[in-house]
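Here the structure is laid out as structure tokens; the discussion comes afterwards.
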Amino acid sequence: MSLPLVMGVVNVTPDSFSDGGLYADTASAVAHGRQLLADGADILDVGGESTRPGATRPLVEEELDRVVPVITALSADGATVSVDTMRHEVATAALAAGARIVNDVSGGLADPEILRVVADAGATYVAMHWRAHADHMADFATYDEPGGVVQAVRDELAERVEAVLAAGISPDRLVLDPGLGFAKHGRHNWQLLADLAPVKALGYPLLLGASRKSFLGTLLAGPDGSPRPVDGREAATTALSVVLAGEGVWGLRVHDVRSTRDALRVLDALDQAREEG
Ligand code: PMM
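Counting with our numbering, you get residues 961 to 1237 for the letters of the sequence shown.
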């Protein structure tokens, strides 16, 4: 069994839902990235824009100031860095600073110019399913057509694949992501997780970002109905990492790298024991 890559999240933002403000300055973000590497991350995903529901966008200059110094430092350490951005200006600067992957949660819809930047650099591109910016994505969480959310995400990702390839990005440098929590209610996320086959059948590696998301908080709500806070969602996140590893996904985007890495080690040990008979 080939195990997924572990992508550790480095949010250089004041307002991300899970870790907003913890690593908002360069020094603490770089230190956090180094800790995630020590914990077993294969990739560090550095982002300077929060996409939490309702978030407003930073200026381009703010986003650049947040991510470029962090990417420069972590790339100089030898880390494989991805930049979590929807903007071609930020992708350009991040690739020049050493990033090798562009993780675009809008799949090229927010700023189509980003596709050309990635193609010119020969970088890897993650295209996520997305419908609208965070400040109004809740208005787009409707999947009433036959096949529901699974078919809609598959079809909308297939359209993004066409745009990505038309822009000159090589098919072997493309990764798809169904976009858990983006213009999706809790049940939509569960339906996607329960039926990844149609998205898988598009023929590209898959990245999944379930870590600490609010559908897990809702699942784990206390007796009074209030969602479990983000710092209490780790075991559920790790359980999903195990399930998704079994599904053969390419990568897992997580905040707590160590728990997912530990779980993958368990799977690996079992695999080896089976092979040895
Ligand atoms: N989720 C968030 C941000 N970036 N990128 C990809 N490819 N997939 C995701 O699910 C994803 C993402 C939001 O989570 P965060 O605020 O904790 O970073």
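Heads up, the beta-carbon is just placed ideally off N, CA and C, and yes, glycines get one too.
{"Query": "Would you mind sorting residue 1050 into buried or exposed? The rule is 16 or more other CB atoms within 10 Å of its CB.", "Result": "buried"}
{"Query": "Give me the DSSP bridge partner(s) of residue 1084.", "Result": "1061"}
{"Query": "Can you find the residues in the same chain that come closer than 7 angstroms, C-beta to C-beta, to residue 1112, ignoring five residues on each side of it along the sequence?", "Result": "1103 and 1105"}
{"Query": "What does the Cβ neighbour count give for residue 1183, buried or exposed, with the cut at 16 atoms within 10 Å?", "Result": "exposed"}
{"Query": "Going residue by residue through the stretch 1105–1164, where are the continuous alpha helix (DSSP H) segments of at least 4 residues, counting only ones entirely within it?", "Result": "1108–1126, 1146–1154 and 1157–1160"}
{"Query": "Just to confirm my understanding: we take residue 1093, look at its own chain, exclude 5 residues before and 5 after, and list those with CB closer than 6 angstroms. What are they?", "Result": "none"}
{"Query": "Sort 1233, 1139, 1197 and 1207 by Cα distance to residue 1221 and report the nearest one.", "Result": "1197"}
{"Query": "Say yes only if the C-beta of residue 1219 is nearer than 8 angstroms to one or more non-hydrogen atoms of the ligand PMM, and no if none qualify.", "Result": "no"}
{"Query": "Count the other C-beta atoms from every protein chain shown that fall within 10 angstroms of the C-beta of residue 1128, then say buried if there are 16 or more, exposed otherwise.", "Result": "exposed"}
{"Query": "Between which residues of its own chain and residue 992 is the CB-CB distance below 7 angstroms, once the five residues before and five after are set aside?", "Result": "970 and 983"}
{"Query": "Using three-state DSSP, classify residue 1214 as helix, strand or coil.", "Result": "strand"}
{"Query": "Assuming residue 967 and residue 1003 form a contact by the criterion Cβ under 8 angstroms, report the distance between their Cβ atoms to the nearest whole angstrom.", "Result": "4 angstroms"}
{"Query": "Three Cβ pairs or more, each shorter than 8 angstroms: is that satisfied between the stretch 1197–1217 and the stretch 1160–1176?", "Result": "yes"}
{"Query": "Could you give the C-beta distance for residue 986 and residue 1029, rounded to a whole number, given that I count them as a contact under 8 angstroms?", "Result": "5 angstroms"}
{"Query": "Assign residue 1089 to buried or exposed, taking buried as 16 or more other Cβ atoms, counted over all protein chains shown, within 10 Å of its Cβ.", "Result": "buried"}
{"Query": "Which residue marks the beginning of the beta strand (DSSP E) containing residue 1035, and which one marks its end?", "Result": "Here residue 1035 belongs to no beta strand (DSSP E); instead the alpha helix (DSSP H) covers 1020–1036."}
{"Query": "Please return the same chain residues whose Cβ sits closer than 8 angstroms to the Cβ of residue 901, not counting the five positions on each side in sequence.", "Result": "Outside the shown range of the chain (961 to 1237) lies residue 901, about which nothing can therefore be said."}
{"Query": "Assign residue 1189 to one of two classes, buried (16 or more other C-beta atoms within 10 Å of its C-beta) or exposed (fewer than that).", "Result": "exposed"}
{"Query": "Using C-beta distances below 8 angstroms, list every residue in its chain close to residue 1155, excluding the 5 sequence neighbours before and after it, in chain order.", "Result": "1110"}
{"Query": "From which residue to which residue does the alpha helix (DSSP H) around residue 1206 run?", "Result": "1194–1206"}
{"Query": "Comparing C-alpha positions only, which one of 1162, 1024, 1187 and 1016 sits nearest to residue 1057?", "Result": "1024"}
{"Query": "From residue 1140 to residue 1149, what distance separates their C-alpha atoms?", "Result": "6 angstroms"}
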